[in-house]
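A.B. asks: The following block contains the structure, expressed as structure tokens.
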Amino acid sequence: MPSHASAHITKVLVANRGEIAVRVIRAAADAGLASVAVYAEPDADAPFVRLADEAFALGGQTSAESYLVFDKILDAAAKSGADAIHPGYGFLSENADFAQAVIDAGLIWIGPSPQSIRDLGDKVTARHIAEKAKAPMAAGTKDPVKNADEVVAFAKEYGVP
1 MPSHASAHIT KVLVANRGEI AVRVIRAAAD AGLASVAVYA EPDADAPFVR LADEAFALGG
61 QTSAESYLVF DKILDAAAKS GADAIHPGYG FLSENADFAQ AVIDAGLIWI GPSPQSIRDL
121 GDKVTARHIA EKAKAPMAAG TKDPVKNADE VVAFAKEYGV P
């Protein structure tokens, strides 16, 4: 559990759909936690919705109208009494602003810190972090390339796939 999460989790809202939601819901059940699914209209009868202990309609026909709307997910968390949100993968799992919104709402974010998401979401910053940690890395430029000549020089030295 992330360091910012000091409270005990009893109910997890799964902010995702499909197979990943099924996996998180099953893991929650194995851990003795209640689960909450959220869903867009086309997913109303999906297996993950039926498998969860509770389910809340987000409205909308598309992901952009449902699964990607922070306020709808946070509202479902509040209505359900969930104390944590698991983003699954994709959708909002790599969105630092959503992670921060979850924390700001007083909920536990089950995932990397918002700052980690920001840092590792930027290739240059992530590379600098990896270098500092002395992690093995593939060949790459230390900083963003400034022009085509730098790209050609890199390709001549290291080759291309």
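Taking UniProt numbering, I'd label the letters of the sequence shown as residues 1 to 161.
Note that beta-carbon positions come from the ideal geometry of N, C-alpha and C, so glycine has one too.
Values in this document were obtained by computation on a predicted structure and should not be read as measured data.
#1: For V14, tell me which candidate among G60, A82, E65 and A64 has the shortest Cα-Cα distance.
#2: When the Cα atoms are used, what is the spatial distance from V124 to A130?
#3: Taking 8 angstroms as the threshold (C-beta atoms), are A96 and residue 166 in contact?
#4: For T141, which residues from the same chain have a beta carbon less than 8 angstroms from its beta carbon, with the 5 sequence-adjacent residues on both sides left out?
#5: In the DSSP output, what is V14 paired with across the bridge?
#6: Counting along the chain, where does the beta strand (DSSP E) carrying A55 start and finish?
#7: Of all the options P112, H86, P161 and V160, which has the alpha carbon lying nearest to the alpha carbon of R23?
#8: Let's see if you can read the secondary structure: which residues bound the alpha helix (DSSP H) around T125?
C.D. replies: In short, the structure shows the following:
#1: Taking the sequence shown and counting its residues from 1, one reaches residue 14 at position 14. When the alpha-carbon of V14 is set against those of G60, A82, E65 and A64, the nearest one is in A82.
#2: By 1-based counting over the sequence shown, the position of residue 124 is 124. By 1-based counting over the sequence shown, the position of residue 130 is 130. Within the model, the alpha-carbon separation for V124 versus A130 is close to 10 angstroms.
#3: This structure cannot settle anything about residue 166, because the visible part of the chain is limited to 1 through 161.
#4: Taking the first residue of the sequence shown as 1, we reach residue 141 at position 141. Counting only Cβ-Cβ distances below 8 angstroms, and skipping sequence neighbours, we find E150 and F154.
#5: Locating residue 14 in the sequence shown gives position 14, counting from the first residue. A37 and H86, per the DSSP bridge assignment.
#6: As a working mapping, residue 55 is identified with position 55 in the sequence shown. That run of the beta strand (DSSP E) goes E54 to A57.
#7: Taking the first residue of the sequence shown as 1, we reach residue 23 at position 23. It is H86 whose Cα lies nearest to the Cα of R23.
#8: For the purposes of this step, residue 125 is taken as the residue at position 125 of the sequence shown. Looking at the DSSP string, the run of the alpha helix (DSSP H) that includes T125 is K123 to K132.
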